[in-house]
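Engineer: One structure, pasted below without further comment.
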Amino acid sequence: MNRTYALVWNPSLAAWTVTDERARRRAKGAGAVLAAALLLPLTAIAADLPSGGQVVSGSGAINQPNANQMVIDQASNKLAIDWQSFDIAAGNKVTFNQPGRDAIALNRVLGADGSKIMGQLDANGRVFLINPNGVLFGSGAQVNVGGLVASTLNISNSDFAAGNYKFKGNGSNASVINNGQITAADGGSVALLGGTVSNNGVIVANQGSVALAAGNAVTLDFAGDGLLNVQVDEAVVDALVENHQLIKADGGQVLLTANAGDALLKTVVNNTGVIEAQTLGEKDGKIVLLGSFDGGTVQVAGTLDASAPNGGDGGFIETSGAHVKVADSTKVTTKAANGKTGTWLIDPTDFTVSAGNDNQSSSGIGANTLSSNLASNSVTLQTVATGSEAGDINVNAAVTWNADTTLTLNAHNNININAAITASDAQGKVALQYGQASANGGTADYHIAAPINLQSGENFSTQKGSTGSVHSYTVVNDAAALQAMNNHLGGNYAVGSHIDLSGISNWQPVGSVTFFTGRFDGLGHTLSNLTIDRSGVLDPVGLFGYTSSSVIRDIGLVGGSVTGGTYVGGLVGYNLVGYNQIGAISNAYATGSVSGVDYVGGLVGYNYGGAISNAYATGSVSGSGDYVGGLVGVNTNSGTISNAYATGSVLGASQVGGLVGSNDGSISSSFYATTNAAGNPINNNGDTVAGFDGNAYGTGKTWAELTQASTFTGWSIATTGGSNAIWRIYDGYSGPLLRSFLKSVTVTVNDVAGKTYDSNTGWVAGASYSSSDNSANLLGSASYTNVATRNAGTYALGLTGLYSNQEGYDITVAAGSYTIAKATISAVTDISASNKTYDATTAANLSYDDAGFTGRIDGDALTVASASGAFTDKNAGTGKAVDITGIVLGGADAANYTLTSNTATTTADISKADLAVSGISAANKTYDASTATTLTGTASINALGSDVVFVSGTSVGAFADKNAGNDKAITVTGYTLSGTDANNYNLLQPSGVTATINKADLALSGSKVYDGSTSVAGSTLTATGVAGETFAVAGSGDASNLASKNVQSGAALASITGLSLGSSSNGGLASNYNAPGVAGSSYTVTAKGLTLTGISAVDKIYDATTTAALNTAN
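Residue numbering for the sequence shown follows the numbering used here, beginning at 206 and increasing consecutively.
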């Protein structure tokens, strides 16, 4: 279909306000919409006014007369402004003064934030607001413009200037959301464009246009005549358009559209609010909800109103997409008070009318919802075909209405009427348009398994193929109208109700002299108790006498009797193919008796080149002459019989057959089932036919074989309901039944509550079923499939034993379920936890080996597959509680149990962790006769995780002994722990600390009295170490010991030749000292004492001094 829509620009009415009820609905719906908005910070407060505006094209001025207002004076017809932001806070106002209503002001936001319009926006022309980050019209926003485009899709200045309104996004689905009120002026429009577009407020464009479009590229075409074309050119992922409040465009048009362009890109068009486009004057309203045909979904709810309450004709409403889901209580109206009611077009792929008021899980509408809306609309259900869907229309629940409206079923492929359609109004109509995928319709058809009930008149029509002829039918509802068909033998007739003909005694076959060449459709109805007695007449006898080039279908003749002479059939005496090669009879049956002379059949007496399909006869057939058959007397001149059968007794003189008396045409997929076909066998020059007990050239089958689908090779036959096969068989209960005459019924097995697992095999009795048609008289008795299992679970509960006859049902069984509930384990015991060393976590290692299970049935295999353990806190301690969570059962029978609680408790210990001090070293020293050492470095510790632990204290280091040596071990003490987590650790003082005690030097010292030599005797020396340690010196020395023999004090020895270290008398060890040397030595030579003789004093005269003169001559 064409996905471009023309939207008309026309004068508007005054703005509407919202009622309280609608306001509540808006508030409810808006929450979900706003939560999904992308890139739009809805919780932010709008800036006071737009900022950073720069005119980039056209002529205009930006003025701000006060803090709360901004005025844009536009001088050119087109003006483009780039803004850093475009917000309007509550209480503020932006006004565009434009040259005229067709002037356009393009406002493009370059900043990173979405636009928040919380105040007032006024313009006498059109305003474009472009913000790729999103646009929000808040609940207090008031927009009064000539026209508005709010978009997250950009437009270039060159396209804008050239009038090419092509909007292109960046692939995001940023939102445009309206929670306020937007009103377009006379002839104006409102277009909201983005990845997601939501209206939770009010949009008014009376006699104008409102478009909400989601995609990555959209083209708007403003034509000179006021038309606006909207085309979604490119898809966006998860495109969404929704209306939760009110869109009003009386006399105009409303379009909601989203495009994914790909079945993998989900699109949704959703209406739960009110969309109104009522007729104004001569201007019909139009509402279109258009989703993608590549997987898009249109969700129809709320109200769609294109009615004409004040004159004129009703408008047009379309809801189209790959899937159209119409919610319960949806209100759609195109009703015209004084004119012609409009049309609602529903255009998906496959479409189903389902039971009751059900909301739709797939594409479809509830029958009650459709019925109620037919009171105010002509409704067209139209399908296309995409993907795996064929484009069928299925009516699976009864539709009833009483209005002068038309229900049109326009199918891409087939139409399947599985439930009654009833139009009670004299002008209520049904149109079946099928095979619209091609010009001639191909093999498509409409299938009537339930009646279409119509009033008399021109109320039914058909069309096969998109260019095929439309056949209008006159609906008849009584015997007189049926008989009156003789007055126009080329007409088309449809039966609008079941008709009892028991009061007719002189039936004149339709076409008794002249051929009936029209169309006759029973619409699934029956004509009962037709009695014809024309035994003395040679003309063909039946409901119809002669037929040629006619189409007769969907009719049943029930009971009665037909008697004639030559060419006698319950439905048609003589069926001729005719010049147009039609002569078709399908979906027809007769149950009454038929008798005559020659060419006598239960349904057709003589089939000359005609086609008979999906037909059967069950009444007795007798002929006093030749060519007598249960279904057809003679099938000749390439006549065809397919998918047909007969079960009545057959009596004739010669050429007698259970199905046909004589055949030189084609017979396929057909059978007869009678033990009485008396007379000479048939003249069979054509195909053979399956028969019962081998009568009359059929392929004989026993009754057991006749009731088994497997014996019908090559037939389109099904053993389950709801198929597309031509035949249905209930194996073991029925022969083949023609599905076209069976009503669809679903038997649903009710779920059985079942039992709790007890380790025993079996199931609980009490199964039952419910039927989709409570009036259905199903044969047989239900037998439910057993559930032969002991294990817990939910199992399908099937049903067998129900069946039907040809006047009954195509039974589909929907399985129920039987549940064995899991038994309960109320407690899991004896799960243990391992002791551990503190690791700064609460993790606990569990052991399940000895686990016990309270509630386990003896003999069942249960284990703990997994669980998690955690100490109540991380700290060290004994007998600490361990919480066990996440217990998962294992073992062969685990699936049969459920845990009351998947938690338990136990206890375990957490011992303290060792925490070593590091970073400490010691300095080497020279032997000092003590164990003391000097420590260096900074003490540090590596606590676990994020533990808070500090090391402190005055450290002391001590060698193991005082003696000199290399890499001697040092013991460090004095550190302590503090901090929140200190109690979780054992502090280890620094270890591995070593240092070297180097040997000390000895100092040699001594003295002697001058002896005239340079040697030093050891006995005159002492070797002095540290801490008062001294050593004796041995040896007699050597002349090299002193550099001078003379008296000297503290002179260093020149050598220690001839000298060696002796022992210590006060505890000193020679191993702690280096060998003595001259360094640091000190030796003193004192003067030797002399005694002088022969010296005398010289006498003197007192001279007042003590000086004496000596005489040393002697």
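C-beta atoms are modelled at their ideal positions from N, C-alpha and C, and glycine is treated no differently. Predicted, not measured: the structure shown is a model, and the values here were computed from it.
Let's test the definition: count the other Cβ atoms within 10 Å of the Cβ of Pro-337 and tell me whether it reaches 16, buried, or not, exposed.
Structural biologist: With 16 or more other Cβ atoms within 10 Å, it is buried.
Engineer: Where does His-617 land, buried or exposed, given buried means 16+ other C-beta within 10 angstroms?
Structural biologist: Buried, because 16 or more other Cβ atoms sit within 10 Å of the Cβ of His-617.
Engineer: Looking only at C-alpha atoms, which of Asn-848, Ala-849, Ser-843 and Ser-859 sits nearest to Ser-871?
Structural biologist: Closest by alpha carbon: Ser-843.
Engineer: When the distance is taken between beta carbons, is Val-479 closer than 8 angstroms to Leu-451?
Structural biologist: Yes, the Cβ-Cβ distance between Leu-451 and Val-479 is below 8 angstroms.
Engineer: Rounded to whole angstroms, what's the CA-CA distance from Ala-1192 to Asp-1186? Just pull it up for me.
Structural biologist: Note on identity: in this sequence residue 1192 is Leu, with Ala being the wrong assignment. Approximately 12 angstroms between the Cα atoms of the pair.
Engineer: With a CB to CB cut of under 6 angstroms and the five nearest residues on each side skipped, what residues in its chain are close to Tyr-935?
Structural biologist: So the list reads Tyr-1008, once near-sequence residues are dropped.
Engineer: DSSP puts Ala-1001 in a beta bridge; with which residues?
Structural biologist: Per DSSP, Ser-1022.
Engineer: Taking only runs that begin and end inside the region 736 to 769, name each unbroken beta strand (DSSP E) of 3 or more residues, in chain order.
Structural biologist: Correct list: 736 to 738, 749 to 753, 756 to 763 and 766 to 768.
Engineer: From the DSSP output, which residues share a beta bridge with Lys-371?
Structural biologist: Partner(s): Thr-424.
Engineer: Tell me the DSSP secondary structure of Phe-365 in three-state form.
Structural biologist: In the structure shown, Phe-365 sits in a helix (DSSP, three-state: H, G or I).
Engineer: Determine whether the beta carbon atoms of Ala-261 and Asn-362 lie at a separation below 8 angstroms.
Structural biologist: Residue 261 is actually Val in this sequence, not Ala. Yes.
Engineer: Tell me the DSSP secondary structure of Arg-313 in three-state form.
Structural biologist: Strand.
Engineer: In angstroms, rounded to a whole number, what distance separates the CA positions of Ala-816 and Gly-701?
Structural biologist: The alpha-carbon atoms of Ala-816 and Gly-701 are separated by roughly 25 angstroms.
Engineer: Taking the alpha-carbon positions, what's the Lys-540 to Gly-741 distance?
Structural biologist: Distance between the alpha carbons of Lys-540 and Gly-741 is about 58 angstroms.
Engineer: Would you kindly report the start and end of the unbroken alpha helix (DSSP H) that includes Asn-578?
Structural biologist: Its alpha helix (DSSP H) spans residues 572 to 579.
Engineer: Considering only the alpha carbon of each residue, which of Val-505, Thr-731, Val-805 and Ser-710 lies closest to Pro-745?
Structural biologist: Checked all of Val-505, Thr-731, Val-805 and Ser-710; the closest Cα to Pro-745 is Val-805.
Engineer: DSSP puts Gly-662 in a beta bridge; with which residues?
Structural biologist: According to DSSP, Gly-662 bridges with Val-680.
Engineer: Ordered along the chain, which non-local residues of its own chain (more than five positions away) have a Cβ less than 8 angstroms from that of Lys-298?
Structural biologist: If we look at Lys-298 and ignore the five residues flanking it on each side, its Cβ neighbours are Asn-273, Gln-274, Met-275, Gly-324, Gln-325, Leu-326 and Asp-327.
Engineer: On the CB-based measure, 16 or more other CB atoms within 10 Å of its CB, does Leu-1315 come out buried or exposed?
Structural biologist: Counting Cβ neighbours within 10 Å, Leu-1315 comes out exposed, since fewer than 16 surround it.
Engineer: Helix, strand or coil for Leu-1295 per DSSP?
Structural biologist: It is coil, neither helix nor strand.
Engineer: Suppose contacts are defined by Cβ-Cβ distances below 8 angstroms. Is Gly-853 in contact with Gly-835 by that definition?
Structural biologist: Yes. Within cutoff.
Engineer: I'd like to know whether the C-beta atoms of Gly-457 and Ala-396 end up nearer to each other than 8 angstroms.
Structural biologist: Not in contact: Gly-457 and Ala-396 (Cβ atoms no closer than 8 angstroms).
Engineer: What span of residues does the beta strand (DSSP E) with Leu-461 cover, start to end?
Structural biologist: Counting along the chain, the beta strand (DSSP E) containing Leu-461 begins and ends at 458 to 463.
Engineer: What does the alpha-carbon distance come out to for the pair Ile-757 and Glu-487?
Structural biologist: Their backbone Cα atoms lie some 44 angstroms apart in a straight line.
Engineer: Below 7 angstroms CB to CB, which residues in the same chain sit around Asp-803 once its five sequence neighbours on both sides are set aside?
Structural biologist: Taken in chain order, the residues that qualify are Thr-771, Gly-828, Gly-830, Asp-831 and Tyr-832.
Engineer: Could you please give me the residues that DSSP links to Tyr-794 through a beta bridge?
Structural biologist: Paired residue(s): Gly-761 and Tyr-821.
Engineer: Assign Ala-511 to one of three DSSP states: helix, strand, or coil.
Structural biologist: Coil.
Engineer: Whole angstroms is fine: what's the gap from Lys-321's alpha carbon to Trp-288's?
Structural biologist: So the two alpha carbons sit approximately 14 angstroms from each other.
Engineer: Answer yes or no: do Gly-775 and Val-782 have a C-beta to C-beta separation smaller than 8 angstroms?
Structural biologist: No.
Engineer: Which of the three DSSP states, helix, strand or coil, is assigned to Thr-1310?
Structural biologist: It is coil, neither helix nor strand.
Engineer: Measure the C-alpha to C-alpha separation of Gly-305 and Lys-283 and round it to an integer number of angstroms.
Structural biologist: When rounded, the distance between both Cα atoms is 10 angstroms.
Engineer: Where in the region 1131 to 1183 do unbroken runs of the beta strand (DSSP E), each at least 3 residues long, occur, reported from the N-terminal end onward?
Structural biologist: Fully enclosed beta strand (DSSP E) runs of 3 or longer: 1140 to 1145, 1155 to 1157, 1161 to 1164, 1170 to 1178 and 1181 to 1183.
Engineer: With the cut-off set at 8 angstroms, would you say Thr-477 and Gly-507 are in Cβ contact?
Structural biologist: Closer than 8 angstroms, so yes.
Engineer: For Val-1033, which option in Ile-1092, Ala-1066 and Ala-1020 has the closest C-alpha, if you only look at C-alpha atoms?
Structural biologist: Of the candidates Ile-1092, Ala-1066 and Ala-1020, the one whose C-alpha sits nearest the C-alpha of Val-1033 is Ile-1092.
Engineer: For Thr-1138 and Asp-1044, what's the separation of their Cα atoms in angstroms?
Structural biologist: Cα-Cα distance, rounded: 35 angstroms.
Engineer: Would you say the region 680 to 700 touches the region 658 to 667, given that touching needs at least three Cβ pairs under 8 angstroms?
Structural biologist: The region 680 to 700 vs the region 658 to 667: in contact.
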